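K.L.:
Numbering (our numbering), first residue to last: 24 to 410.
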């Protein structure tokens, strides 16, 4: 389900981010242009992308349900921003990654060992908080200046009740990222050396995949929804929810490793699917309701299932990738612009004069960093997308 998916993304992202510069070297955070790019995408997901999607797709890409209230009259003003999470609450993941990487960078600068960073970040998940588990809610004071409320809601999200900077359930995900950043690679290396050859077969891959699905079914039957990972309450269940959320995607990865198909198209365009899927959620949900009523005559229920899978396949194959390359348009255009500029006649430089860098070259140098990270070439020549 939802939490297990997020843990899978965290494991993948932390595993890639912790890649050492040399063999057996320590992981380095290298906070920089990649993180700035992610922060810009994070802000755009609440403004102006929802408004642009609404202009292009109409009601298809606009919420139907506004927390039981009325839709905002002004899509660009405070009337909208105080409810921006209705259009873009899924962006919490990017802010969690950014906050966690800043913490890791500070730990690296002061020389704190990995185990100490895990303990310190874990302690922030257990400190007393207000209400259902939040701290530093600037928007609780309605007497603040409107522009300040607007900015804080834009940066820290708002459901109409507040814009807290710290949420316990988000801290739990950040704690898992810190743990994976420091210890997932050593753990994988340790396990890989000890798995016997007889277990590295398609049969065991099928068993791993099936076990992951069975765990999901059991959790849905006996412990749903999650508490700690959804609302920050019920800390006594943290051991169960976090261990299952780790185990499920790990078993899926072991199972999918035996799949004899190249799924690079879907894997490399997940950024676009992640950013744009939320804008259609209400309308697609209503379509699914109607679709299930339309095929209610099928006694097995399988037809509705396959139609829903087909709807998801269409989005992840066409619409999501289109949004993905839209986001990467600046990085994809940069090499073409440089190539075009390189063909222009060069201006002679007098002896002793210092050549001046053009604004394009300065901006290009910064953009190059984003290209190398966001569309980085791997050792086998394939492109990878990393958050």
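Every residue gets a Cβ at the ideal spot worked out from N, C-alpha and C, and that includes glycine.
Just so it is clear, the structure is predicted and the values come from calculations on it, not from any experiment.
1. CB-CB under 7 Å to residue 262, same chain, minus the five flanking residues each way: which ones, in chain order?
2. How long is the line joining the alpha carbons of residue 37 and residue 207, rounded to whole angstroms?
3. What does a CB cutoff of less than 7 Å around residue 115 pick up in its chain, not counting 5 residues either side in sequence?
4. Leaving out five residues before and five after residue 250 in sequence, what residues of the same chain have Cβ atoms less than 6 Å from its Cβ?
5. Between the beta-carbon of residue 58 and the beta-carbon of residue 124, is there less than 8 Å?
6. Relative to the C-alpha of residue 172, which residue among 345, 366, 102 and 54 is closest?
7. Compute the beta-carbon to beta-carbon distance between residue 210 and residue 145, rounded to the nearest angstrom, for a pair I have assumed lies under 8 Å.
8. Can you check DSSP and say which residues form a bridge with residue 158?
9. How far does the alpha helix (DSSP H) with residue 60 in it extend, from its first residue to its last?
10. Should the segment 346 to 366 be called in touch with the segment 295 to 307, which here means at least 3 C-beta pairs below 8 Å?
11. Do residue 338 and residue 84 have their CB atoms nearer than 8 Å?
12. Have a look at residue 265 and residue 290 and give me their C-alpha separation to the nearest angstrom.
13. State buried or exposed for residue 219, treating a residue as buried only when at least 16 other CB atoms are found within 10 Å of its CB.
14. Residue 34 by DSSP, collapsed to three states: which one?
15. Check whether the Cβ of residue 357 lies closer than 7 Å to any heavy atom of the ligand ZN, and answer yes or no.
16. Closest to residue 60 by C-alpha separation, out of 118, 233, 315 and 175, would be which residue?
17. Could you check what DSSP says for residue 48 in three-state terms: helix, strand or coil?
18. Run through DSSP, which three-state label would residue 138 get?
19. Given residue 423, which residues of its chain have a CB within under 6 Å of its CB, disregarding the five upstream and five downstream residues?
20. Given that a residue counts as buried once 16 or more other Cβ atoms are within 10 Å of its Cβ, and exposed if not, what is residue 73?
21. Pull up the CB-CB distance for residue 50 and residue 205, whole angstroms please, since I reckon it's below 8 Å.
22. Could you tell me the alpha carbon to alpha carbon distance between residue 64 and residue 40, rounded to whole angstroms?
23. Quick one: grab the DSSP three-state call for residue 92.
24. Do you know offhand how far residue 372's Cα is from residue 55's?
25. What residue from 137, 353, 359 and 282 has the CA that sits closest to residue 203's CA?
26. Give me the Cα-Cα distance between residue 154 and residue 189, rounded to the nearest whole angstrom.
27. Would you decide whether residue 316 is buried or exposed? Buried here means 16 or more other CB atoms lie within 10 Å of its CB.
P.N.:
With the structure as the only source:
1. So the list is empty, once near-sequence residues are dropped.
2. 8 Å
3. If we look at residue 115 and ignore the five residues flanking it on each side, its Cβ neighbours are 180 and 193.
4. 256, 257 and 260
5. yes
6. 102
7. About 17 Å separates the two Cβ atoms, so there is no contact after all.
8. 189
9. 56 to 67
10. yes
11. no
12. 24 Å
13. It is exposed - the Cβ of residue 219 has fewer than 16 other Cβ atoms within 10 Å.
14. helix
15. The ligand content of the structure shown is nil, which means the ligand ZN is not present either.
16. 118
17. Residue 48 falls in the coil class under three-state DSSP.
18. helix
19. Residue 423 lies beyond the residue range present for the chain, which begins at 24 and ends at 410; the question has no answer from this structure.
20. buried
21. 7 Å
22. 19 Å
23. For residue 92, the three-state secondary structure derived from DSSP is strand.
24. Any reading at residue 372 must be qualified, since the residue scores a pLDDT of 49, below 50, and its modelled position is unreliable; the value itself is stated next. So the alpha carbons of these two residues sit roughly 34 Å apart.
25. 137
26. 12 Å
27. exposed
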